[in-house]
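To start, the structure itself, in structure tokens.
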Amino acid sequence: MQGIILLGAPGSGKGTAAERLRDRAGFTHLATGDMLRAALKQGTALGREAEGYMQRGELVPDDLIIRMVRERLEAGPREARYLFDGFPRTVVQAEKLEQTLADLGGRLTRVLLLETPRAVLIQRLTGRRICRQCGTNFHVTNVPPKRAGVCDVCGGELYQRPDDQEATIVKRLDVYAQQTEALIAFYAARGLLTRVNSNQGADQLVADILGIVQTDAGAAAPGAGAGGRKA
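Residues 6 to 236 in the working numbering are what the sequence shown lists, from first letter to last.
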């Protein structure tokens with residue numbers, strides 16, 4: 006069992022990269038946000054326990070998150086390669102994840118930090134537009150509709166979510182930087198962190214990441230990979 010972590014600010018391309026790595030390299034994608042929503046929908050014991058915190062607008066405790074992750078890992082094959090997205094968020098979670106993997110005979114092989122200039126992140130996020138009727142996503146620069154403000158698919162109105170307004174985006178990026186500073190230092194000290202340029206197209210970003218993880222496959226310790234640089 007091997008684990009790889011994707012770290013990156015909102016708008017860094019983390020979600021797109023995770024989807025393509027799952028499809029092209031056979032990774033099992035574990036996003037704790039998705040896992041929490043699934044647990045709530047299925048009414049599992051962990052889901053019911055998490056629901057109270059979420060309804061009160063509180064963070065779900067580290068212990069509950071790691072129990073959910075461990076339960077998922079225990080249910081999967083031991084030879085699987087897992088891609089963690091949105092987890093860990095804290096050094097405490099990072100330490101517990103390493104211990105959980107070790108308990109199950111696995112290890113963490115690489116932490117990939119997707120780096121994009123702040124101005125580019127703001128441009129990517131504030132440019133998003135969504136159709137009110139069918140939910141199709143557009144971008145005013147990268148994926149513009151044929152007619153401004155009108156969905157190509159159904160003709161519905163395109164709008165900007167409140168979360169994608171610049172003032173909100175700036176706050177989200179500030180919170181991300183504060184939350185991940187210690188985590189980045191933690192993994193850099195262990196020689197696991199590789200910085201990847203995500204200020205490029207999705208195809209090239211995924212190709213760079215694939216070069217790194219393929220270099221790691223079967224290696225006793227992670228080394229410098231194509232397209233990235235060790236911290």
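Idealized CB from N, CA, C, for every residue including glycine. Here the structure is a predicted model, which is why all the values come from computation and not from measurement.
- Comparing C-alpha distances from Val148 to each of Thr37, Leu163 and Arg137 shows the shortest one belongs to Leu163.
- By the CB criterion at 8 Å, Leu126 and Glu79 fall outside the cutoff.
- Taking a C-beta distance under 8 Å as the contact criterion, Tyr192 and Pro15 do not qualify as a contact pair.
- Taking each of Ala124, Cys159 and Gln170 in turn and checking the Cα distance to Arg133, the smallest one comes out for Gln170.
- For Asp108, the enclosing alpha helix (DSSP H) starts and ends at Val96 to Asp108.
- In this structure, the CA atom of Asp68 is about 16 Å from the CA atom of Ala44.
- Of Gly154, Ser17 and Gln138, the smallest CA-CA separation from Gly206 is found for Ser17.
- Per the C-alpha coordinates, the member of Glu84, Leu119, Leu102 and Leu188 positioned closest to Thr21 is Leu119.
- The closest CA to that of Gly91, considering only Gly13, Arg112 and His144, is found on Gly13.
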